[in-house]
Every structure is written in C-alpha cells, then in structure tokens.
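Going by the numbering used here, the first residue of the sequence shown is number 1, and it counts up by one from there.
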Amino acid sequence: MKKSNIKESVTLKINEKINTLRESGKKVYNLTSGQLNFRPPVDLIRCIEKELNFLKSFQYSPNKGFKELRRKFSNDFKSKRNITLSQATHSCIISSGSKFSLNLAIGALVQKASDEVVLVAPYWGSYPEIVKIWGGKVKCVNSFAFNSYIPKIEDIRNVVGPNTRAIIINSPNNPVGIHYDQSWMKEFALFLKEHPNLYVISDEIYSDLCYYDPKPSYFYEFDNELLERTIVINGISKSLASTGLRIGYAIANKDIVQDMVSLQSQLASGPNSLIQNALINFDLTSTTDFLDTIKKSIRNCSSILRDAIVNNNMSHTWYQTGSGFYYFMDFTKFRFFSKYESSKKDYSEEICEEILEQTGVALVPGSYFGMANSARLSMTLEEASFKEAVDLLMVYLMDK
Ligand code: PLP
1 MKKSNIKESV
11 TLKINEKINT
21 LRESGKKVYN
31 LTSGQLNFRP
41 PVDLIRCIEK
51 ELNFLKSFQY
61 SPNKGFKELR
71 RKFSNDFKSK
81 RNITLSQATH
91 SCIISSGSKF
101 SLNLAIGALV
111 QKASDEVVLV
121 APYWGSYPEI
131 VKIWGGKVKC
141 VNSFAFNSYI
151 PKIEDIRNVV
161 GPNTRAIIIN
171 SPNNPVGIHY
181 DQSWMKEFAL
191 FLKEHPNLYV
201 ISDEIYSDLC
211 YYDPKPSYFY
221 EFDNELLERT
231 IVINGISKSL
241 ASTGLRIGYA
251 IANKDIVQDM
261 VSLQSQLASG
271 PNSLIQNALI
281 NFDLTSTTDF
291 LDTIKKSIRN
301 CSSILRDAIV
311 NNNMSHTWYQ
321 TGSGFYYFMD
331 FTKFRFFSKY
341 ESSKKDYSEE
351 ICEEILEQTG
361 VALVPGSYFG
371 MANSARLSMT
381 LEEASFKEAV
391 DLLMVYLMDK
C-alpha cells in the first residue's frame with residue numbers, strides 16, 4: 001500500500017481555508033463541524049480534575065484499557081440495548097477515540113488483499129481510507145435522498161460476494177442524520193442469516209443523539225446470535241461532547257478483541273489513563289439529561305432548515321432528519337445547478353468553494369462521502385447564527 005493513496009481528513013483542509021477567510025475579515029458560518037458546540041458535562045470535568053492528583057493517571061494503562069471502565073461501557077451497552085452478553089464470549093477494548101477502534105476492527109478482520117468491506121454511500125469519509133490502510137478493498141452500495149438515504153437490502157445482497165469480509169453499518173448516520181428503522185434492522189438480521197461468514201461493524205457513535213422518536217434499534221436485538229460476528233463501535237466524542245478527550249471502545253467476541261488488543265499494543269498502547277480513570281467515576285446514566293438541551297438545539301436547527309427549504313418551494317428535496325447532527329444536501333435539485341452543464345461530473349468541491357467565498361457558509365463537499373454534487377452541513381451552530389447561514393445559503397441555491 002502506497003501511503004500517498006491515503007487521503008487526509010477533508011475537514012482539516014477546509015478549516016485552514018476558513019481560518020484564512022476569517023483572518024482577512026470575512027464573516028464565516030462554519031457548518032462543517034463534526035462536533036457539538038457545547039462543553040462536556042460539569043461532573044465529567046470535576047472527575048477529570050480529581051484524577052489530576054493521582055500518580056496512576058499519568059502512567060500507562062493496560063493495552064485493553066482499564067477493566068472497571070471496560071465493564072462500565074459493556075454494562076451501559078447491555079442496558080441501553082436490553083440484551084445479555086456473557087463475559088465468557090464477549091469483551092470490550094478501549095482505544096484513543098472510536099476512529100482508532102475502527103482501525104483495529106478493520107485491521108483484525110482484513111487479512112488478504114482480496115478481502116472486501118462493504119460501505120453504504122454516502123459514508124463517513126474515513127471508512128474507505130481505513131479499509132485501504134489495512135490493505136482491503138472497498139465495495140459500495142448507494143442510498144438516495146428520495147428514500148431518506150436508507151439502503152435497500154436487495155442492493156446490499158447484490159454487492160456481497162465470496163470475498164466480502166464485513167459490512168459497516170452506521171446508524172444513526174454521518175453524513176445523512178437519520179437512523180434505519182426497526183423493520184430495516186429486522187430485514188437486515190434475516191439477510192445476515194443468509195451470509196454466516198459476514199461480519200458487521202456497527203458504528204453506533206451517534207446512538208445517544210436521537211432527537212425524534214422512534215429511537216435507533218439494532219439488528220442483533222432481533223437475533224442475539226448475530227453478536228457473535230458483530231463489532232460494536234462507540235465512544236464519548238459525540239455523547240459527552242468530548243472529541244478531544246479521545247476515548248472510544250469496541251465490543252465484540254473475545255477472539256476478535258484479542259486480535260485488536262495485539263494491534264493496539266504495538267500501534268499505540270492503552271488509551272489515556274487520566275480520562276479513563278475520570279470516566280470510571282463518572283455516572284454514564286447522566287448522559288440522557290446532559291443531552292436534552294443539545295438535542296433540542298439540533299431539533300430546532302433541523303426545523304429552521306426544513307422551513308427554509310419548504311418556503312422556497314423545494315420540499316421535494318427535504319427528508320426528515322432525526323438523529324446525529326447532520327443534513328446531506330443534493331445540489332442537483334436546486335436552481336443554481338443549471339449552470340453546471342452535466343450532473344454526471346462531480347462539482348461538489350467547486351460548488352462548496354464558491355458557496356464559501358460568496359456567502360461565507362462553509363460546507364463539506366459530498367465527494368468526501370462518496371456522493372457527487374452534494375454537501376454535508378452540520379446543525380451544531382447556535383440557532384440564530386444557523387438561521388443566518390441557512391438564509392444566505394438559500395439565496396445562493398435559488399439563484400438561476
Ligand atoms: N464514526 C463516525 C461515523 C464519525 O462521524 C466519527 C467522527 O466524526 C467517528 C466514528 C470517530 O469518532 P472519534 O474517533 O472521535 O471517537
């Protein structure tokens with residue numbers, strides 16, 4: 001694998017451009033953010049402060065992460081999903097962020113250059129790069145706005161072949177801000193029974209951020225046996241507004257976790273001791289109350305965006321978001337797009353650059369998510385600023 005084939009995370013590049021514009025005095029509305037615009041829970045901050053007094057917080061943690069915290073994350077997972085998991089068969093590994101957990105999961109699963117990992121597009125841009133890093137092949141299934149970006153099981157069935165090692169399911173989803181409903185999860189569980197060797201990486205990092213019922217459900221809730229070949233990924237970045245603390249985890253069968261521990265021990269060692277110890281003393285059940293105000297704010301931003309789209313007679317382009325904090329915009333449906341001669345080519349980077357220069361609104365081009373002529377916007381700005389940004393964006397989108 002040539003290192004030059006791996007793309008840098010695009011949001012970092014856009015942020016450089018935003019900084020340059022801001023330095024030149026331009027007002028910029030940054031709708032590219034992959035994090036909440038809130039401080040973490042006060043209790044978590046107190047727990048961190050307390051840990052500063054102890055020597056063990058400054059020393060190596062076990063390669064798998066601290067046992068008390070692994071147990072705490074496992075119990076949280078079991079009680080939220082209402083399932084039983086035996087310590088004899090399953091285990092948990094804590095890592096420096098769930099991106100690292102994903103790396104370990106794919107590293108443990110991909111063994112040969114012919115091994116394929118299936119992604120649903122639009123997908124989080126790190127997935128294909130991580131698969132490439134570990135020498136695997138990416139296969140894609142598309143999903144579409146008219147269907148709220150829910151992939152058809154039939155389309156998944158059509159890409160899964162003898163070399164398919166795993167599929168990544170990200171519900172609630174980045175970049176589209178929806179989660180797959182119960183009937184989809186039931187059908188997916190039945191589909192998995194047809195493919196007994198297929199692993200599922202269930203990236204559940206946004207699972208606590210659901211702002212419209214019904215709440216997310218998962219395929220293994222309908223058939224617990226599927227947990228034997230599921231790697232559940234989660235972490236504190238989104239649910240505790242703590243992207244910078246870098247704590248993620250994976251729950252999977254013991255053999256897979258052991259392979260992940262071996263990789264982690266050589267690539268990074270165990271994650272941050274201080275933050276792990278703070279989390280051991282933090283009440284994870286307080287997350288629900290902590291997220292109340294945050295979810296209200298995301299819900300209000302989603303309504304602001306929907307109203308703007310509907311008031312501009314573009315309601316056919318709207319799908320109802322309900323979880324996470326993103327909306328995925330299909331540019332091809334808007335008036336301005338007529339000046340681009342062919343929708344077959346991808347203009348998303350040029351368009352996002354022009355939008356940023358003309359309106360000061362920063363979006364992430366759809367190309368990063370494997371989707372042409374589109375963009376992701378984050379609903380994490382404070383509501384008044386978000387409305388200003390949406391109004392400016394609409395003027396651009398509705399231009400002939
Ligand atoms: N998975 C998805 C779908 C994400 O959007 C992100 C971050 O944006 C991550 C995983 C990684 O989160 P972290 O490494 O901060 O835990």
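Glycine is no exception: its CB is placed at the ideal position from the N, C-alpha and C atoms.
| said: Please determine whether the Cβ atom of LYS80 lies at a distance below 6 Å from any heavy atom of the ligand PLP. | reply: Sequence index remark: in the sequence shown, residue 80 carries index 80 (1-based). No heavy atom of the ligand PLP is found nearer than 6 Å to the CB of LYS80.
| field | heavy atom of the ligand PLP below 6 Å from ASP208 C-beta | value | As a position in the sequence shown, residue 208 is number 208, starting the count at 1. Checking the Cβ of ASP208 against the ligand PLP gives no.
| field | Any non-hydrogen atom of the ligand PLP within 6 Å of ASP76 CB | value | Stepping through the sequence shown from its first residue, residue 76 is reached at position 76. No, since every heavy atom of the ligand PLP falls outside the 6 Å radius drawn around the Cβ of ASP76.
| query | In the DSSP assignment, what residue or residues form a beta bridge with CYS92? | reply | Locating residue 92 in the sequence shown gives position 92, counting from the first residue. According to DSSP, which records beta bridges pairwise, CYS92 is partnered with ILE251.
| task | State the Cα-Cα distance for the pair ALA362 and SER348, rounded to the nearest angstrom. | result | Numbered from 1 along the sequence shown, position 362 holds the residue referred to as residue 362. Numbered from 1 along the sequence shown, position 348 holds the residue referred to as residue 348. Rounded to the nearest angstrom, the gap between the Cα atoms of ALA362 and SER348 is 12 Å.
| So which of ASN37, ARG46, LYS7 has the shortest CA-CA distance to ILE280? | Locating residue 280 in the sequence shown gives position 280, where the first residue counts as 1. The option with the nearest alpha carbon to ILE280 is ARG46.
| Backbone secondary structure at VAL176 - three-state DSSP | By one-based count along the sequence shown, residue 176 stands at place 176. The DSSP-derived three-state label of VAL176 is coil.
| request: Please state whether DSSP places TYR220 in a helix, a strand or coil. | output: Taking the first residue of the sequence shown as position 1, residue 220 is located at position 220. The answer is helix: DSSP assigns TYR220 an H, G or I state.
| As assigned by DSSP and simplified to three states, the class of ALA375 | If you number the sequence shown from 1, residue 375 lands on position 375. When secondary structure is reduced to three states using DSSP, ALA375 falls in the strand class.
| Is any heavy atom of the ligand PLP found at a distance shorter than 6 Å from the C-beta of ASN143? | Your numbering for residue 143 matches position 143 in the sequence shown. The question names Asn, but residue 143 in the sequence shown is Ser. Result no, Cβ not under 6 Å from the ligand PLP.
| Buried or exposed: which applies to LYS60, given that a residue is buried once 16 or more other Cβ atoms fall within 10 Å of its Cβ? | Taking the first residue of the sequence shown as position 1, residue 60 is located at position 60. Residue identity check: residue 60 is Tyr in the sequence provided, not Lys. Only exposed fits TYR60, as fewer than 16 other CB atoms lie within 10 angstroms of its CB.
| field | Continuous beta strand (DSSP E) stretch holding ASP346: start and end | value | In the sequence shown, residue 346 corresponds to position 346, counting from 1. Careful: ASP346 lies outside any beta strand (DSSP E) and carries neither H nor E.
| message | Going by DSSP in three states, THR332 sits in which element: helix, strand or coil? | response | Position 332 of the sequence shown, counting from 1, holds the residue named residue 332. Three-state result, THR332: helix.
| said: Please determine whether the Cβ atom of TRP134 lies at a distance below 6 Å from any heavy atom of the ligand PLP. | reply: Numbered from its first residue, the sequence shown carries residue 134 at position 134. No, Cβ of TRP134 sits at least 6 Å from all heavy atoms of the ligand PLP.
| task | Mind checking who PRO365 pairs with in its DSSP beta bridge? | result | In the sequence shown, residue 365 corresponds to position 365, counting from 1. DSSP links PRO365 through a beta bridge to ALA375.
| Using the C-alpha atoms, what's the distance from ILE168 back to PRO196? | Against the sequence shown, residue 196 aligns to sequence position 196. Against the sequence shown, residue 168 aligns to sequence position 168. CA-to-CA, the gap between PRO196 and ILE168 works out to about 16 Å.
| request: Along the alpha helix (DSSP H) that carries THR287, what are the first and last residues, could you check? | output: Taking the sequence shown and counting its residues from 1, the one referred to as residue 287 is at position 287. Boundaries of the alpha helix (DSSP H) harbouring THR287: 287-311, taken from the DSSP string.
| If you pair each beta-carbon of the stretch 36-50 with each one of the stretch 183-199, do three or more pairs fall below 8 Å? | The stretch 36-50 vs the stretch 183-199: no contact.
| said: Under 8 Å: do the stretch 96-110 and the stretch 230-250 share three or more Cβ pairs, one atom per stretch? | reply: A contact exists between the stretch 96-110 and the stretch 230-250.
| said: Across the stretch 206-218 and the stretch 163-182, are there enough close Cβ pairs to call them in contact, namely three or more that are closer than 8 Å? | reply: Yes: at least three Cβ pairs fall under 8 Å.
| task | Could you check the C-alpha separation between GLU225 and GLY65 for me, to the nearest Å? | result | Translated into positions along the sequence shown, residue 225 becomes position 225. Translated into positions along the sequence shown, residue 65 becomes position 65. As the crow flies, the alpha-carbon of GLU225 is around 26 Å from that of GLY65.
| message | I'd like the list of long-range same chain contacts for ILE130, defined as Cβ closer than 7 Å, with 5 residues on each side in sequence excluded. | response | Here the question's residue 130 lines up with position 130 in the sequence shown. If the five residues before and after ILE130 are omitted, its C-beta is found closer than 7 Å to the C-beta atoms of LEU102, ASN103, ILE106, all from its own chain and listed in chain order.
| From which residue to which residue does the alpha helix (DSSP H) around ASN281 run? | Here residue 281 refers to the residue found at position 281 when the sequence shown is read from its first residue. Counting along the chain, ASN281 falls outside any alpha helix (DSSP H), and DSSP gives it neither H nor E.
| With DSSP run on the structure shown, which of helix, strand or coil describes THR20? | Position 20 of the sequence shown, counted from the first residue, corresponds to residue 20. It is helical.
| Cutoff 6 Å; reference ARG306; Cβ partners in own chain excluding five residues on either side | Against the sequence shown, residue 306 aligns to sequence position 306. Beyond the five residues adjoining it in sequence on each side, ARG306 comes within less than 6 Å, by CB distance, of TRP318 in the same chain, given in chain order.
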